[in-house]
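K.L.:
Everything in the sequence shown is counted per the numbering used here, starting at 468 for the first residue and increasing by one.
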Amino acid sequence: LGQLNLGLEYLDRSFSFFNINGLEDLQDIERTHRLTLTIDYKKMIWENWGFNVKIAPTMDSTLKQSVGSEDLLLNMDGLVSLNWSGVKTISKFDFGISYNTYLGQPQFLPIINYNLLIEDKWNISLGFPETRLERKINERNIISTNASASGSYSNVSSSILFNGIDSLTNTK
């Protein structure tokens, strides 16, 4: 049948701006809010081949005004996976495409990843948008490190005064 996963994430981000010449009253953009519902479906389709489709409607805003269409994003991933096993290893290769804010503004980006699980203790994942290294110490503890692309794309619904002359309105 496949596997359906649902997730809900809230992220409250705070930024500090120091000595930015020409910009005044930045308090309206010092805090952004992100709410994401994730719907993820995985299915094996043929022997070692599978696919994964993820849809993540997202609201990302400063919430200084009411939420509108400019505050909404639709992030999506589509992946194909190849899985195989060795004597003491399990490998997985994923490739696909994403429409996401990994690099800031929403855009289509490739996803490519090679994952290697060694003796159920080491998990090595190399690729884009995430690279990760994990070591399972015991059933309750894991040490991990990762590097990932994670952009910010929020709607700034209020105006920002620039040099006391002009203002920026409805910026991202």
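Using N, Cα and C, we set each Cβ at its ideal position, and we do this for glycine too.
Would you list the residues sitting across from G594 in a DSSP beta bridge?
P.N.:
Here residue 594 refers to the residue found at position 127 of the sequence shown. DSSP output for G594 lists N580 as bridge partner(s).
K.L.:
Going by the CB atoms, is the gap between L504 and E524 shorter than 9 Å?
P.N.:
Sequence index remark: in the sequence shown, residue 524 carries index 57 (1-based). Sequence index remark: in the sequence shown, residue 504 carries index 37 (1-based). Per the sequence shown, the amino acid found at residue 524 is Pro instead of Glu. Yes; because the gap between Cβ atoms is below 9 Å, this pair is in contact.
K.L.:
Are P596 and I578 close, meaning C-beta to C-beta below 9 Å?
P.N.:
Numbered from its first residue, the sequence shown carries residue 596 at position 129. Numbered from its first residue, the sequence shown carries residue 578 at position 111. In contact: P596 and I578 (Cβ atoms closer than 9 Å).
K.L.:
Rounded to whole angstroms, what's the CA-CA distance from I585 to G545? Just pull it up for me.
P.N.:
Position 118 of the sequence shown, counting from 1, holds the residue named residue 585. Position 78 of the sequence shown, counting from 1, holds the residue named residue 545. Rounded to whole angstroms, I585 to G545 spans 26 Å at the Cα level.
K.L.:
Let's see if you can read the secondary structure: which residues bound the beta strand (DSSP E) around F562?
P.N.:
Position 95 of the sequence shown holds residue 562. Start and end: T556 to N567.
K.L.:
With 16 as the cutoff for other CB atoms within 10 Å, does D479 come out buried or exposed?
P.N.:
Translated into the one-based positions of the sequence shown, residue 479 becomes position 12. So D479 ends up on the exposed side.
K.L.:
Tell me whether the beta-carbon of Y508 lies closer than 9 Å to the beta-carbon of N542.
P.N.:
In the sequence shown, residue 508 corresponds to position 41, counting from 1. In the sequence shown, residue 542 corresponds to position 75, counting from 1. Not closer than 9 Å, so no.
K.L.:
Go ahead and pull the three-state DSSP assignment for S533.
P.N.:
Taking the sequence shown and counting its residues from 1, one reaches residue 533 at position 66. Three-state DSSP puts S533 in coil, outside helix and strand.
K.L.:
Among E497, Q470, G469 and L468, which one has its Cα closest to the Cα of S481?
P.N.:
Here residue 481 refers to the residue found at position 14 of the sequence shown. Of the listed residues, the one whose Cα sits closest to S481 is E497.
K.L.:
Between the C-alpha atoms of T556 and L593, what's the straight-line distance to the nearest angstrom?
P.N.:
As a first step, residue 556 must be located in the sequence shown, where it is residue number 89. As a first step, residue 593 must be located in the sequence shown, where it is residue number 126. Distance between the alpha carbons of T556 and L593: 16 Å.
K.L.:
Would you say T568 reaches chain B, if we count a Cβ-Cβ gap shorter than 9 Å as a contact?
P.N.:
Of the protein chains in this structure there is only one, and it is not chain B.
K.L.:
With respect to the beta strand (DSSP E) encompassing E476, which residues constitute its N-terminal and C-terminal limits?
P.N.:
To locate residue 476, count along the sequence shown from 1; it is residue 9. Per DSSP, E476 belongs to the beta strand (DSSP E) from Q470 to S481.
K.L.:
Considering only residues of the same chain and omitting the five flanking positions on each side of D561, which have a CB-CB separation below 6 Å?
P.N.:
Your numbering for residue 561 matches position 94 in the sequence shown. Taken in chain order, the residues that qualify are L546, S548 and N580.
K.L.:
Secondary structure at D544, three-state DSSP: helix, strand or coil?
P.N.:
Position 77 of the sequence shown, counting from 1, holds the residue named residue 544. The answer is strand: DSSP assigns D544 an E or B state.
K.L.:
Please state whether the Cβ-Cβ distance between Y569 and A616 is less than 9 Å.
P.N.:
Position 102 of the sequence shown, counted from the start, is the residue given in the question as residue 569. Position 149 of the sequence shown, counted from the start, is the residue given in the question as residue 616. It is a contact, given that the beta carbons lie within the stated cut-off.
K.L.:
Under the three-state reduction of DSSP, which class applies to D507: helix, strand or coil?
P.N.:
Locating residue 507 in the sequence shown gives position 40, counting from the first residue. Residue state, collapsed to three classes: strand.
K.L.:
What are the boundary residues of the beta strand (DSSP E) that includes P524?
P.N.:
Along the sequence shown, one-based indexing puts residue 524 at 57. Looking at the DSSP string, the run of the beta strand (DSSP E) that includes P524 is W516 to S528.
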